[in-house]
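Chains as they are written, first to last, in the working numbering: chain A, 382 to 857; chain B, 304 to 785.
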């Protein structure tokens, strides 16, 4: 599908095009392309058609189904969908059907969107390539021997392949932005607390945020306005409405002070660094002032992240014990059943992080690992605070390289972790960040440029992202 | 309760009391907080810990916790929640959300009815677990065929109240638990029912020779009644002293009170040391009750048991006897003091109102609410004026408690007519004439026949004669005969 979500919704709302036709186009594209890409774990053909028909009836009756009327949307499989399998790409949740919808799913539905299916991901969102899935990897639509990134790789690939104009992902240390960069789409992580996490199967609760993956910056803004805003079911949800960002996309960057972060440019793949510097020049040409800034604290971000996130995960994933839902492998007593179920149900990377996190929280190690990592997290936030005392927004690469080959990093977890190095700082600080496609690496693989702003700086973020998108298109 | 420790020994006790808060709903979701419903009917994604669900703190639970803190003179403080991680099937998330290093109530004290003060270390909020029932086989944890879990209780709000190790006897431990229970009930924060598990007590017990540092403690669990609490502490104290005197050493462990056997036994030791991997609960935000909220909670609280006891004693008009002190304690503990006050306000003698309430009314406490204080006061006035004997008054009271009505009418219906002095004196004279030998012995100062004579007069008057009045008349007659 080449039309944007905003364009599709506009045609459906006026009755110019039936939602059913839009949904059929999406289903046909999936049927044709997904056997090769494997972005979807589950396609909800019948449900989607019924939902589209209901929207068409509403339009015919003179009602307005909402700003996403008839827009097909793909959901990462860690978002709970009532009655529809939600597996997090893990054997341990095989067959589990949540009795409730995530808040974001309810809000998309209330805005007229049609859920087309659930997308592949790294198991429990732990990974950067979507290879840690019990259903096998997703392929990058820009190079089928390449990973789509992760963990929201299925959602990024579904948008990049034209199956849907819009998908939701979750971002803990870069899991929306990194696959968006690898697949050449827009991926946005909101300020922590902007989008309700109710119904998002938790990986690392203090870092997780849900956000959009789209073909345009305007669509990402539209979706954020739909899914954002206070939710009483999430205590960490900020008590305020969704940010007004749609109007910001066209605002431009005249007079905006932009810091080009050395740590997110230097030492990366040359093709990536080159595109980031081009992007900086383009913003300057659009009226912004650009200066290079070093935030040395960023160097410690990755290490802190890989202690904090596994620590929280080790606790969040304890409930998968074979007692109440999901996989149960019997044993002679309850403890043995717990062990057998978890041993069979979790993949290697999930087990590795549970072990790491358990260790980091253990008596005698807590201060040296978890507590110290939290102090580093504060340091990273301090680094940002310093930079934002001089700049309105920061710019850098989203990823150190373009999409790597399937299997390239699976034998070496550390080298895989390094692909999050550019995205982790904003996650640790809870700040908003967006990856916008900006050309390719000369070999046909997309490059993503990342913009960041302070907490609740979404309007400025979308203004910068809009300018980047216009510059990238002009460049083509 | 007998409690004589060998000379030179002292027992040191600290109590940890878990009480279920009397909230409408659970601590982190909207499910009903109710006891006795069909298993697994008060559950939802949150209290089942379903993937993706998140906790939202219950405001009423916070307010009840603040009431407890206020009553215990704690500092109500900014607090946070932590996760206590361990695997157990009745804990849906396999971690418990609890307060750890920043509890809502810090410090405090509890004054026992006898004036002794016990320090309070903290009183913090946490969630309850579900309930496991082991079925088949031996029915014990190790030998059951299978287990059933009821999650109705999972997520019910608890406050854990930790005392300082200030308690020095089993009797004092019982007094502490009793006073704490009275405070919980009086503040409306919990129903304090030990038998339903809404108040659960664990005791930390150690012994030492006087003047020495604290000994090694054992934690005793499964104390389901005040009686168990006292018995278990006495047993454990004796066990530890005997062990040390025999040259042994107390090992720090958790012990289970076996009510049937009357002893504490070590619980099966876990294979690994407990490491709960506490860390801050990232799904909840810090809780910082401001001064306005705290003041509102304090203002909404009724008077505390100690104040209510003082008010009753004030009504008596003189220093209370030991029996009255106990009556005051029990009337306040069973929440019947308002009746005494109301009767006294309507002119009834306070001492009489107290004793009738502590005994006759408390015996049918469930019906006390339907007792009209005005009728109660009129009844007590009839008794005080000698128009009804004590026995008759109790019979009328029993009738009042069952079906209400006017005490005078009930007395007439039951055939209790006040005896005038002339009729009573005549009846006494008749009885004395019928028992000349006993009368002689009474005149000779043999007081043990007094009861017989009073009983004979009561019998002769079909219980209409008031024993006190008869007694006074007997004294009068004896004085006159001398």
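Glycine included, every Cβ here is placed at the ideal spot set by N, Cα and C.
When C-beta atoms of the region 646 to 660 of chain A are compared with those of the region 821 to 829 of chain A, three or more pairs fall below 8 Å, so the two segments count as touching. Assigned with DSSP and collapsed to three states, residue 739(B) falls in helix.
Under the Cβ distance rule, residue 381(B) does not count among the residues neighbouring chain A, no pair being separated by less than 8 Å. Leaving aside the five residues that flank residue 698(A) on each side, the residues in its chain whose CB is nearer than 8 Å to its CB run, in chain order, 505, 727, 731, 735. Sixteen is the threshold: since fewer than 16 other Cβ atoms of the shown chains lie within 10 Å of the Cβ of residue 340(B), the residue is exposed. The C-beta of residue 580(B) comes closer than 8 Å to at least one C-beta of chain A. Residues of chain A whose Cβ lies closer than 8 Å to the Cβ of residue 386(B) are, in chain order, 696.
Segment contact: the region 713 to 724 of chain A against the region 661 to 678 of chain A, fewer than three CB-CB distances shorter than 8 Å; contact not assigned.
Close to residue 588(B), with beta-carbon spacing below 7 Å, are these residues of chain A in chain order: 616, 617. A direct Cα-to-Cα measurement between residue 784(A) and residue 372(B) gives close to 58 Å. Rounded to the nearest angstrom, the gap between the Cα atoms of residue 570(B) and residue 748(A) is 32 Å. For residue 610(A), the nearest beta carbon of chain B is not closer than 8 Å to its own beta carbon. Using a Cβ distance threshold of 8 Å, residue 536(B) and residue 506(B) count as a contacting pair. Note on the region 741 to 792 of chain A: whole beta strand (DSSP E) runs with a minimum of 3 residues are 774 to 778, in chain order. Taking 9 Å as the cut-off between beta carbons, the residues of the region 452 to 467 of chain A near chain B are 459, 460, 461, 467, in sequence order.
Between the alpha carbons of residue 365(B) and residue 758(B) lies a distance of about 59 Å.
Taking 8 Å as the cut-off between beta carbons, the residues of the region 583 to 614 of chain B near chain A are 585, 586, 587, 588, in sequence order.
For residue 488(A), the number of other beta carbons within 10 angstroms of its own is at least 16, and it is reported as buried.
Proximity of chain A to residue 359(B) at the Cβ level (cut-off 7 Å) is accounted for by 613, 614, 616, in chain order. Annotation: residue 601(B) to residue 795(A) spans about 56 Å, alpha carbon to alpha carbon. Under the DSSP assignment, residue 557(B) falls in the beta strand (DSSP E) whose first and last residues are 557 to 561. By the CB criterion at 8 Å, residue 344(B) and residue 336(B) fall outside the cutoff. Scanning its chain for C-beta atoms nearer than 8 Å, with the 5 sequence neighbours on each side dropped, one finds around residue 417(A) the residues 520, 525, in chain order. Leaving aside the five residues that flank residue 439(B) on each side, the residues in its chain whose CB is nearer than 7 Å to its CB run, in chain order, 447, 448, 449.
Residue 593(B) counts as exposed, since fewer than 16 other C-beta atoms from the protein chains shown sit within 10 angstroms of its C-beta. Following the DSSP letters along the chain, one finds residue 509(B) inside the beta strand (DSSP E) bounded by residues 502 to 512. When the alpha-carbon of residue 614(A) is set against those of 660(B), 707(B), 332(B), the nearest one is in 332(B). For residue 841(A), same chain residues with a beta-carbon under 6 Å away, outside a window of 5 residues either side, are 773, 774, 834 in chain order. The contact set of residue 754(A) on chain B, defined by CB atoms closer than 9 Å, is empty, because the minimum CB distance reaches about 11 Å. The shortest CA-to-CA distance from residue 486(A) to any of 465(A), 690(A), 815(A) is the one to 465(A). If you draw a straight line from the Cα of residue 622(B) to the Cα of residue 628(B), it comes to about 9 Å. Look at residue 312(B) here: in three-state DSSP terms it is strand. If the five residues before and after residue 687(A) are omitted, its C-beta is found closer than 7 Å to the C-beta atoms of 798, all from its own chain and listed in chain order. Counted as a single uninterrupted DSSP element, the stretch harbouring residue 481(A) is not any beta strand (DSSP E), since DSSP gives it neither H nor E. Among the residues of chain B, those whose CB is under 7 Å from the CB of residue 702(A) are 390, 397, following chain order. Think of a sphere of 8 Å around the beta carbon of residue 586(A): the chain B residues whose beta carbon falls inside it are 585, 586, in chain order.
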